[in-house]
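There are 6 protein chains.
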Amino acid sequence: MSDDSGVDKAAVKLVEEDEAAGKTEKLYEDIKHTLGIDFVPNMYRALAGNPDYLEMTWRRVQAVMGKDRKLGRKTKDIVALTVSIMSGCEYCIGVYNDAVKHAGLDDEALLELYEVIDLYTGLNRLNIGMQTRADEKPWHGCGGGSRP
Amino acid sequence: MSDDSGVDKAAVKLVEEDEAAGKTEKLYEDIKHTLGIDFVPNMYRALAGNPDYLEMTWRRVQAVMGKDRKLGRKTKDIVALTVSIMSGCEYCIGVYNDAVKHAGLDDEALLELYEVIDLYTGLNRLNIGMQTRADEKPWHGCGGGSRP
Amino acid sequence: MSDDSGVDKAAVKLVEEDEAAGKTEKLYEDIKHTLGIDFVPNMYRALAGNPDYLEMTWRRVQAVMGKDRKLGRKTKDIVALTVSIMSGCEYCIGVYNDAVKHAGLDDEALLELYEVIDLYTGLNRLNIGMQTRADEKPWHGCGGGSRP
Amino acid sequence: MSDDSGVDKAAVKLVEEDEAAGKTEKLYEDIKHTLGIDFVPNMYRALAGNPDYLEMTWRRVQAVMGKDRKLGRKTKDIVALTVSIMSGCEYCIGVYNDAVKHAGLDDEALLELYEVIDLYTGLNRLNIGMQTRADEKPWHGCGGGSRP
Amino acid sequence: MSDDSGVDKAAVKLVEEDEAAGKTEKLYEDIKHTLGIDFVPNMYRALAGNPDYLEMTWRRVQAVMGKDRKLGRKTKDIVALTVSIMSGCEYCIGVYNDAVKHAGLDDEALLELYEVIDLYTGLNRLNIGMQTRADEKPWHGCGGGSRP
Amino acid sequence: MSDDSGVDKAAVKLVEEDEAAGKTEKLYEDIKHTLGIDFVPNMYRALAGNPDYLEMTWRRVQAVMGKDRKLGRKTKDIVALTVSIMSGCEYCIGVYNDAVKHAGLDDEALLELYEVIDLYTGLNRLNIGMQTRADEKPWHGCGGGSRP
Numbered sequence: 001m002s003d004d005s006g007v008d009k010a011a012v013k014l015v016e017e018d019e020a021a022g023k024t025e026k027l028y029e030d031i032k033h034t035l036g037i038d039f040v041p042n043m044y045r046a047l048a049g050n051p052d053y054l055e056m057t058w059r060r061v062q063a064v065m066g067k068d069r070k071l072g073r074k075t076k077d078i079v080a081l082t083v084s085i086m087s088g089c090e091y092c093i094g095v096y097n098d099a100v101k102h103a104g105l106d107d108e109a110l111l112e113l114y115e116v117i118d119l120y121t122g123l124n125r126l127n128i129g130m131q132t133r134a135d136e137k138p139w140h141g142c143g144g145g146s147r148p
Numbered sequence: 149m150s151d152d153s154g155v156d157k158a159a160v161k162l163v164e165e166d167e168a169a170g171k172t173e174k175l176y177e178d179i180k181h182t183l184g185i186d187f188v189p190n191m192y193r194a195l196a197g198n199p200d201y202l203e204m205t206w207r208r209v210q211a212v213m214g215k216d217r218k219l220g221r222k223t224k225d226i227v228a229l230t231v232s233i234m235s236g237c238e239y240c241i242g243v244y245n246d247a248v249k250h251a252g253l254d255d256e257a258l259l260e261l262y263e264v265i266d267l268y269t270g271l272n273r274l275n276i277g278m279q280t281r282a283d284e285k286p287w288h289g290c291g292g293g294s295r296p
Numbered sequence: 297m298s299d300d301s302g303v304d305k306a307a308v309k310l311v312e313e314d315e316a317a318g319k320t321e322k323l324y325e326d327i328k329h330t331l332g333i334d335f336v337p338n339m340y341r342a343l344a345g346n347p348d349y350l351e352m353t354w355r356r357v358q359a360v361m362g363k364d365r366k367l368g369r370k371t372k373d374i375v376a377l378t379v380s381i382m383s384g385c386e387y388c389i390g391v392y393n394d395a396v397k398h399a400g401l402d403d404e405a406l407l408e409l410y411e412v413i414d415l416y417t418g419l420n421r422l423n424i425g426m427q428t429r430a431d432e433k434p435w436h437g438c439g440g441g442s443r444p
Numbered sequence: 445m446s447d448d449s450g451v452d453k454a455a456v457k458l459v460e461e462d463e464a465a466g467k468t469e470k471l472y473e474d475i476k477h478t479l480g481i482d483f484v485p486n487m488y489r490a491l492a493g494n495p496d497y498l499e500m501t502w503r504r505v506q507a508v509m510g511k512d513r514k515l516g517r518k519t520k521d522i523v524a525l526t527v528s529i530m531s532g533c534e535y536c537i538g539v540y541n542d543a544v545k546h547a548g549l550d551d552e553a554l555l556e557l558y559e560v561i562d563l564y565t566g567l568n569r570l571n572i573g574m575q576t577r578a579d580e581k582p583w584h585g586c587g588g589g590s591r592p
Numbered sequence: 593m594s595d596d597s598g599v600d601k602a603a604v605k606l607v608e609e610d611e612a613a614g615k616t617e618k619l620y621e622d623i624k625h626t627l628g629i630d631f632v633p634n635m636y637r638a639l640a641g642n643p644d645y646l647e648m649t650w651r652r653v654q655a656v657m658g659k660d661r662k663l664g665r666k667t668k669d670i671v672a673l674t675v676s677i678m679s680g681c682e683y684c685i686g687v688y689n690d691a692v693k694h695a696g697l698d699d700e701a702l703l704e705l706y707e708v709i710d711l712y713t714g715l716n717r718l719n720i721g722m723q724t725r726a727d728e729k730p731w732h733g734c735g736g737g738s739r740p
Numbered sequence: 741m742s743d744d745s746g747v748d749k750a751a752v753k754l755v756e757e758d759e760a761a762g763k764t765e766k767l768y769e770d771i772k773h774t775l776g777i778d779f780v781p782n783m784y785r786a787l788a789g790n791p792d793y794l795e796m797t798w799r800r801v802q803a804v805m806g807k808d809r810k811l812g813r814k815t816k817d818i819v820a821l822t823v824s825i826m827s828g829c830e831y832c833i834g835v836y837n838d839a840v841k842h843a844g845l846d847d848e849a850l851l852e853l854y855e856v857i858d859l860y861t862g863l864n865r866l867n868i869g870m871q872t873r874a875d876e877k878p879w880h881g882c883g884g885g886s887r888p
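Chains as they are written, first to last, in the working numbering: chain F, 1 to 148; chain L, 149 to 296; chain S, 297 to 444; chain G, 445 to 592; chain C, 593 to 740; chain V, 741 to 888.
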């Protein structure tokens, strides 16, 4: 990522849309249709080097993220961004910063999310350093928590 | 943490409730009252070695987590748990697994959350490994994302 | 890494090949000869600010990676890439994505490696989140494992 | 979590073998048969709270790890252990330390693996700290790398 | 970070100095004055989307870092750099590599710091992998440690 | 690590002091003498499975940590603890929490160190999430930094 080079520097060859055939071609169509975009993201084009893995990944993403279950999709997008920030994956942070804005978070809401991440990464590390022991009784979060 | 020892093995001395005086005593009262519990969690008792830091931390936790703003408290508890899992802080994971249950997540909802974390930590690392380049156009998350 | 600047933005001054003298010069020759390349990589040029540390590092790398022992060099290169991906070190990921290709991994093999990394970073975090307890009896890996 | 508590402290309820029915029961049989063990590991019993996710996970593990493809299963077990160590997942480290021993690694081989992990986590962080720039030409690993 | 774009690609809108009013304007003045620089760093301009959070963060940074207490400011800057390197935050690594140079660390001292980080990230991961048990008696660091 | 088992659960067999011979026996003597303790820590006993690696590690630890160079030993112990906390290595955190106390840090100083770690892990993650761009001009740390 540290330079000006393009797609050809990726670790594996991307399968371009006009090269896609068979299963890959069908998956590309499904990806574009489902995501409502007119291109196949680099992530999926890289995975197409193994069409079975592309398919397994795409089905799994849909199963986990594609519909509201007990958690709403917006909540899951917020978690996806949080995880990506914790992993330090720039590609994914970029995609999901956009995704949660698209889901309705404005700058104020985004900053609120970053505040929570700032707060807990700090407190987590503090407790790891202090080797804090589990409390004998349960409680419900540092700030009092929410009610159902 | 790998043994049978108790509180006395923590890195810093915990300030017990009956030792607390002045600012610390008042903060302890506020913590118990606000959190609705009858004890001061170990985390706060460890921080009490520096009452100013205890106060700053407690005020900050309340400012970030203590009320709904653009994000609801339940969403923020879910993010706090996600961050704690990503940091690998056992103390905090224990507290927040309890906290989100208290906020209404049953086992099915908890599993759904873990699925999202499983999915994205994997995809994050995949993209870090493949050195995936940013796409030229924005999109809205691997699974299609949510709408406002 | 966030800009267009060159070598002069590195945190410490790199010792150029024509500046190298004494122990550093000899190490530079050994590095180029052993690695079969006609330049000294930036990593080693940065370490040359402390020739003793350069030497200790180079000797150690050779001791660990320079020959087959119980593990073959190809396996160790694959582990080195895996570690680099887990650490999120772009410089090292770039070097080792190239190194394992040079060792014979084609795109299909590379993707298979990324799949394993994707799978286990996910499962690891899932088990950290679920606070899964150790099983009472040993087993041999989620997929059944290999036999000697 | 550093104490004497049992299964009931896990974040989600484990589905015991005698409670399993329908899809879960079949998957439990398949897991035990395929893994050649007489119990269902805690990880899979926790996932059984969502039988569809258990199935998706089990199928995926088999697809990635269950047979030799370009990489042998032993190599993939070594990578699985490496990833688990980098993630700091105690449960998974325990399982995979056993798994690679079962696959034929003796203490000498295990130590050689830990040496590679020690070496590269160190060098990764060193290069992250020094903000080392990508070299203009490719090379093949710090120690010279392997040949196909 | 993955491209050539400027400030407008940041996740949230930066509040420019000529846009700042009220509390934000005063904080900007205080930041520039205290830090002895003629611009407001991007980090603070991003936080200004929530002036209360900007204020809380700035007050906290000053409380922790702004004066010598038991630890000197130079030591704390070294710790801040170490933490930033461990977190892999390029922005912060850049700022703190500069900060510790400004505090008097030359290249030799910086390399010495990187050596300690290299050594311990490696040993940490080695012990995590080996699942090393706590010793029955205390000792004082791998190299013998320092005396008061 | 989460159970009651002893040394025999470690991943590799520890070489007990009365089993040590040749190079290992000499290194054990040197370790105890240099560290001023009457036992060989588990970490070194585990590494003794490969006496050459034990030696290389012990020499390296001494080279990096064993004497004041540009950084004092106390500062380096503080960095070693910081790194261990960031890596989440419980064994090393335990050893180095003791080590820095032995080096003169009391609870107040330890808490000050944890505060710095709390602050920067939070700010690091905040900047990673906000994808903050490098500033055009250098500055010297969020709190103003120290002077030489």
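C-beta atoms are modelled at their ideal positions from N, C-alpha and C, and glycine is treated no differently.
Interface partners of S:K433 on chain C, CB under 9 Å
Looking up residue 433 of chain S in the third sequence gives position 137. Under the 9 Å cutoff, chain C gives no residues; its nearest Cβ is about 17 Å from S:K433.
Just the chain C side, please: which residues come within less than 8 Å of F:N97 by C-beta, in chain order?
Indexing the first sequence from 1 puts residue 97 of chain F at position 97. Correct list: A603.
Where does V:L767 fall in DSSP's three states?
The residue labelled residue 767 of chain V in the question sits at position 27 within the sixth sequence. Looking at V:L767 - three-state DSSP - the assignment turns out to be helix.
Is S:L406 close to chain F? Criterion is C-beta to C-beta, closer than 8 Å.
Translated into positions along the third sequence, residue 406 of chain S becomes position 110. Answer yes: the Cβ-Cβ gap between S:L406 and chain F drops below 8 Å somewhere.
Using a Cβ cut-off of 8 Å (strictly closer), state whether S:G302 contacts chain V.
For the purposes of this step, residue 302 of chain S is taken as residue 6 along the third sequence, with counting starting at 1. Residue placement at S:G302 is poorly supported in this model, since its pLDDT is 36, which falls under 50; the coordinates are not used for a value here.
Return the first residue and the last residue of the alpha helix (DSSP H) that G:W502 is part of.
As a position in the fourth sequence, residue 502 of chain G is number 58, starting the count at 1. Unbroken alpha helix (DSSP H) run through G:W502: 495–509.
Does DSSP put S:R369 in a helix, a strand or coil?
As a working mapping, residue 369 of chain S is identified with position 73 in the third sequence. Helix.
What separation, rounded to the nearest whole angstrom, lies between the Cα atoms of L:W287 and V:R865?
The count along the second sequence starts at 1 and reaches residue 287 of chain L at position 139. The count along the sixth sequence starts at 1 and reaches residue 865 of chain V at position 125. Approximately 23 Å, taken between the alpha carbons.
Please classify G:E559: does DSSP put it in a helix, a strand, or coil?
Translated into positions along the fourth sequence, residue 559 of chain G becomes position 115. Three-state DSSP puts G:E559 in a helix.
Any chance you could list the alpha helix (DSSP H) runs of at least 4 consecutive residues sitting entirely within the stretch 373–408 of chain S, in chain order?
386–398
Just to check my reading of the structure: F:G141 and L:M204 have Cβ atoms closer than 8 Å, yes? What is that Cβ distance to the nearest angstrom?
The residue labelled residue 141 of chain F in the question sits at position 141 within the first sequence. The residue labelled residue 204 of chain L in the question sits at position 56 within the second sequence. Not a contact, Cβ separation roughly 18 Å.
In the DSSP assignment, the alpha helix (DSSP H) including G:A490 goes from what residue to what residue?
In the fourth sequence, residue 490 of chain G corresponds to position 46, counting from 1. Segment 486–491, the alpha helix (DSSP H) holding G:A490.
Where the stretch 317–346 of chain S meets chain C: residues whose CB sits under 9 Å from a CB there
A342, L343, G345, N346
Contact between the stretch 254–274 of chain L and the stretch 219–230 of chain L is defined here as three or more beta-carbon pairs at a separation below 8 Å; is this criterion met?
yes
Does the beta carbon of F:L126 come closer than 8 Å to any beta carbon on chain V?
The residue given as residue 126 of chain F occupies position 126 in the first sequence. It does; some Cβ of chain V falls within 8 Å.
Any 3 or more C-beta pairs closer than 8 Å across the stretch 66–77 of chain F and the stretch 43–51 of chain F
no
Against chain V, does G:D551 count as a neighbour if the rule is that its beta carbon must be under 8 Å from one of theirs?
Position 107 of the fourth sequence, counted from the start, is the residue given in the question as residue 551 of chain G. Chain V contact via Cβ: present.
Between C:Q723, C:A603, C:S679, C:Y712, which has its C-alpha nearest G:Y535's C-alpha?
Within the fourth sequence, numbered from 1, the residue matching residue 535 of chain G stands at position 91. Nearest option by C-alpha distance: C:Q723.
Less than 8 Å between CB atoms is the rule here; does L:S150 satisfy it with respect to chain S?
Taking the first residue of the second sequence as 1, we reach residue 150 of chain L at position 2. Here the model assigns L:S150 a pLDDT of 37, short of 50, so the residue's position is not dependable and the matter cannot be decided.
Taking the C-alpha atoms as reference points, what is the distance between V:E765 and V:K772?
The residue labelled residue 765 of chain V in the question sits at position 25 within the sixth sequence. The residue labelled residue 772 of chain V in the question sits at position 32 within the sixth sequence. Spanning the two alpha carbons is a distance of roughly 11 Å.
Inter-residue Cα distance where the pair is C:N642 and L:C237:
Position 50 of the fifth sequence holds residue 642 of chain C. Position 89 of the second sequence holds residue 237 of chain L. About 28 Å.
Using 10 angstroms around the beta-carbon of V:G883, count the other beta-carbons present and answer buried if the total reaches 16, otherwise exposed.
Counting from 1 along the sixth sequence, the entry for residue 883 of chain V is found at position 143. V:G883 should be labelled buried.
Below 8 Å on the Cβ atoms is my contact criterion, and I expect C:L619 with C:W650 to pass it. Report the Cβ-Cβ distance as a whole number of Å.
Here residue 619 of chain C refers to the residue found at position 27 of the fifth sequence. Here residue 650 of chain C refers to the residue found at position 58 of the fifth sequence. Their Cβ separation, rounded to whole angstroms, is 6 Å, which keeps C:L619 and C:W650 in contact under 8 Å.
Determine the burial state of L:N270: buried for a count of at least 16 other Cβ atoms within 10 Å of its Cβ, exposed for fewer.
Your numbering for residue 270 of chain L matches position 122 in the second sequence. According to the sequence shown, residue 270 of chain L is Gly rather than Asn. Buried is the call here.
Contacts of G:L567 in chain S (Cβ-Cβ under 7 Å)
Translated into the one-based positions of the fourth sequence, residue 567 of chain G becomes position 123. Those are C388, listed as they occur along chain S.
CB C:I709 to CB G:G548, shorter than 8 Å?
In the fifth sequence, counting from the first residue as 1, residue 709 of chain C sits at position 117. In the fourth sequence, counting from the first residue as 1, residue 548 of chain G sits at position 104. No; because the gap between Cβ atoms is not below 8 Å, this pair is not in contact.
Rounded to whole angstroms, what is the Cα-Cα separation between V:H842 and F:V100?
Counted from its first residue, the sixth sequence places residue 842 of chain V at position 102. Counted from its first residue, the first sequence places residue 100 of chain F at position 100. Near 48 Å, if we compare the C-alpha coordinates of F:V100 and V:H842.
Please check if any C-beta of chain S sits within less than 8 Å of the C-beta of C:G680.
Start at 1 with the first residue of the fifth sequence, and residue 680 of chain C comes out as number 88. Chain S, which has a Cβ nearer than 8 Å to the Cβ of C:G680, makes this yes.
In chain S, which residues lie less than 9 Å from F:Y120 when you measure between Cβ atoms?
Walking along the first sequence from the start, residue 120 of chain F turns up at place 120. Ordered by position in chain S, no residue passes the 9 Å Cβ test against F:Y120, which lies about 14 Å from the chain.
According to the neighbour-count rule (16 or more other Cβ atoms, all chains shown, within 10 Å of its Cβ), is F:D68 buried or exposed?
Residue mapping note: residue 68 of chain F aligns to position 68 of the first sequence, counting from 1. The residue is exposed, with fewer than 16 neighbouring Cβ atoms inside 10 Å.
Only counting the same chain, and skipping five residues up and downstream in sequence, which positions put a Cβ closer than 6 Å to that of G:T478?
The residue labelled residue 478 of chain G in the question sits at position 34 within the fourth sequence. Cβ neighbours of G:T478 beyond the five flanking positions: none.
If contact means a Cβ-Cβ distance below 7 Å, which residues of the stretch 499–513 of chain G contact chain S?
R504, V505, Q506, V508, M509, G510, R513
Just the chain F side, please: which residues come within less than 7 Å of V:G869 by C-beta, in chain order?
Within the sixth sequence, residue 869 of chain V is the residue found at index 129, counting from 1. Those within 7 Å of V:G869 in chain F are I85, I93, Y114, I117.
Distance, C:E728 Cα to S:L350 Cα:
As a position in the third sequence, residue 350 of chain S is number 54, starting the count at 1. As a position in the fifth sequence, residue 728 of chain C is number 136, starting the count at 1. Whole-angstrom Cα-Cα distance: 36 Å.
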